[in-house]
Amino acid sequence: MTPAPFFGRDEYFMRLALREAERAIEHDDVPVGCVVAAGGEVVACAHNERELRADPTAHAEVLALREASRHLGSWRLDGAVLYVTLEPCAMCAGAIVLARMPRVVFATTDPKAGAAGSVLDVLAEPRLNHRPVVAGGLLATEAAGMLRSFFAARR
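Below, the structure is given as structure tokens:
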């Protein structure tokens with residue numbers, strides 16, 4: 001399968017997601033950030049808040065999808081793009097499919113829990129009713145470095 005291309009503003013939005021990931025560190029959460037853009041504008045941004053909220057579902061993607069749906073007034077986000085610093089897990093990939101997100105751009109892969117091709121490929125599952133275009137690897141070095149530093153400080 002040929003990897004999906006990156007487009008002009010992708011790096012801009014991913015850099016915003018990286019800044020959002022840094023905010024997670026302030027409350028000891030794994031530094032993952034997410035931005036949802038529609039019409040060339042940010043409509044939602046979030047970072048992991050599992051520790052902060054004591055909620056296993058408070059992943060950056062889920063929080064950003066909720067915010068984007070509120071902002072756009074619909075659970076269908078079929079005109080938006082999701083940018084996330086770490087490959088989505090199975091829960092987040094399922095939420096992305098359910099939101100009808102047409103495109104997902106992620107920075108670094110997650111070899112332990114990634115569900116966009118690393119461990120599972122929920123986003124390309126042909127039996128599901130929606131399959132977004134996925135582009136991975138944008139600013140992967142920066143995102144992976146942030147994650148490595150975070151976990152190294154806790155060992």
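Residue numbers (the working numbering): 1 to 155.
A virtual CB, placed ideally from N, CA and C, is assigned to each residue, including glycine.
- In the structure shown, the three-state DSSP call for His71 is helix.
- Around the C-beta of Asp110, 16 or more other C-beta atoms lie within 10 Å, and the residue is accordingly described as buried.
- The C-alpha of Ala116 is placed about 8 Å away from the C-alpha of Ala90.
- Spatial neighbours of Leu138 in its own chain (CB-CB distance under 7 Å, excluding positions within 5 residues in sequence) are listed in chain order as Phe6, Asp10, Glu11, Met14, Val105 and Ala107.
- Of the candidates Cys45, Arg76, Leu52 and Arg100, the residue whose Cα lies closest to the Cα of His27 is Leu52.
- Listed in chain order, the non-local C-beta contacts of Pro132 below 7 Å within the same chain comprise Ile96, Met101, Pro102, Arg103, Val104 and Leu123, local neighbours out to five positions each way being set aside.
- For Val43, the enclosing beta strand (DSSP E) starts and ends at Glu41 to His47.
- In the structure shown, Phe106 falls within a strand segment according to DSSP collapsed to helix, strand and coil.
- In this structure, Ala68 places its C-beta atom within 8 Å of the C-beta atom of Val36.
- Taking every protein chain shown into account, the CB of Pro56 has fewer than 16 other CB atoms within 10 angstroms, so this residue is exposed.
- Val122: not part of any alpha helix (DSSP H); DSSP gives it neither H nor E.
- Taking the CA atoms as reference points, Asp78 sits about 41 Å from Arg155.
- Here the alpha carbons of Ala17 and Ala152 stand approximately 21 Å from one another.
- Partner residues in the beta bridge of Val133, as assigned by DSSP, are Arg103.
- About 21 Å separates the beta carbon of Ala60 from that of Gly40, a gap too long to meet the 8 Å contact definition.
- Linking Val43 to His71 through their CA atoms gives a straight-line distance of about 6 Å.
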